[in-house]
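Student: Encoded as structure tokens, here's the structure I'll be asking about.
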Amino acid sequence: MSLKLGDEFPNFNLKTTAGDIHLHEWLADKWGILFSHPADYTPVCTTELSRAAKLAPEFAKRNTKLIGLSCDTVESHHGWIKDLQAYGDKDQSSTEFPFPIIDDNDRKLAKQLGMIDPAEFDTKGLPLTARAVFFIGPDKKLKASLLYPATSGRNFDEILRLLDSLQLSAKLPIATPVDWKVGQKVMVPPNVKDEDVAKHFPQGVEIRKDLPSGKGYIRMAQV
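Quick note on numbering: the numbering used here labels position 36 of the sequence shown as 36, and the sequence is numbered without any gaps.
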């Protein structure tokens, strides 16, 4: 399976630490982020999922559900969660973990979603998952994806930033420039006609005309 942007994300039946889940029904009308990690009880994965757990309230503010995945069993996940809680925030070690983790012990989902890292294997010589991230919209379509090798941990601040960009561009005809963060100016894409600008951007648009080309294609707006 090769998922492209705009494709419907499969409605997988999942075995997780929160019980059996039908993905679309579980997501309901929310955004979703499915992210894989190579293996439980490994150092980089522990830093990543601890960080994700700490940021869970930020994702909840954005009407977004998180769900993890690795090629380990539910039993392994439950044991490892204790380490995640202790590593990330000892004050949270007695509370419920904020998102489910999928049991993909047979690697079925990893293969279907193209998440196998060809350079990484477990102690039995079986392939491990790469560090993938899938952003799923309320319409169940794939809005963005990231794929890192097992050797490189992800930046969850960037994952939040990308989510903010996706959600804002789903509401307004905008694009976000390099290093953009919430509250900063956005860009008005070329496909937004001049006569429609006032409707979408009542505060006005700044147009840069000092470029050598003299073309006014860089239009910035505050939203």
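Where is the CB? At the ideal position from N, CA and C, for every residue including glycine.
Can you look up R208 in the DSSP assignment and give me helix, strand or coil?
Tutor: Correct three-state label for R208: strand.
Student: If you check the beta carbons only, do I136 and G32 fall under 8 Å apart?
Tutor: Cβ atoms of I136 and G32: closer than 8 Å.
Student: Going by DSSP, what residue range makes up the beta strand (DSSP E) through L147?
Tutor: It spans L142 to Y148 - the beta strand (DSSP E) in which L147 sits, taken as one unbroken run.
Student: For N11, which residues from the same chain have a beta carbon less than 7 Å from its beta carbon, with the 5 sequence-adjacent residues on both sides left out?
Tutor: Answer for N11: H22, L23 and H24, listed in chain order.
Student: So if DSSP puts W31 in a beta bridge, which residue, or which two residues, is it bridged to?
Tutor: The partner list for W31 (beta bridge, DSSP) reads T64.
Student: Just mark A52 as buried or exposed, buried being the case when its beta carbon has 16 or more other beta carbons within 10 Å.
Tutor: By the 10 Å Cβ count, A52 comes out buried.
Student: In its own chain, which residues sit with a C-beta less than 6 Å from the C-beta of A175, not counting the 5 before and 5 after it?
Tutor: Only M187 and P189 meet the Cβ criterion.
Student: Alpha carbon to alpha carbon, how far is A130 from S152? Give it in angstroms, no decimals.
Tutor: Each residue's Cα considered, the two are about 9 Å apart.
Student: With which residues is M224 paired in a DSSP beta bridge?
Tutor: Residue 224 falls outside the range modelled here, since the chain spans only 1 to 223, and no answer is possible.
Student: In the structure shown, what three-state DSSP assignment does A110 receive?
Tutor: Three-state result, A110: helix.
Student: Which whole-angstrom value describes the C-beta separation of V133 and L172, a residue pair presumed to lie in contact below a C-beta threshold of 8 Å?
Tutor: 24 Å between Cβ atoms; not a contact.
Student: Within the stretch 38-85, note down every full alpha helix (DSSP H) run reaching 4 residues or more, in order along the chain.
Tutor: If we require 4 residues or more, the alpha helix (DSSP H) runs fully inside the stretch 38-85 come out as 43-54 and 56-61.
Student: Does the beta-carbon distance from I67 to P38 come in below 8 Å?
Tutor: No, Cβ-Cβ distance for I67 and P38 is not below 8 Å.
Student: Residue range of the beta strand (DSSP E) that L5 falls in?
Tutor: That residue, L5, is in no beta strand (DSSP E); it is neither H nor E in DSSP.
Student: Does DSSP put K193 in a helix, in a strand, or in coil?
Tutor: If DSSP states are grouped into helix, strand and coil, K193 belongs with coil.
Student: So, are the CB atoms of E58 and K141 less than 8 Å apart?
Tutor: Against a cut-off of 8 Å, the Cβ pair of K141 and E58 comes out as no contact.
Student: Quick check: V74 and T16, are their CB atoms within less than 8 Å of each other?
Tutor: Yes, they are a contact pair.
Student: What span of residues does the beta strand (DSSP E) with D103 cover, start to end?
Tutor: That run of the beta strand (DSSP E) goes I101 to D103.
Student: By a C-beta neighbour count over all protein chains shown, 10 Å radius and 16 as the cutoff for buried, is H78 buried or exposed?
Tutor: Burial call: exposed.
Student: Using a 10 Å radius around the Cβ and a threshold of 16 neighbouring Cβ atoms, would you call G88 buried or exposed?
Tutor: Buried, because 16 or more other Cβ atoms sit within 10 Å of the Cβ of G88.
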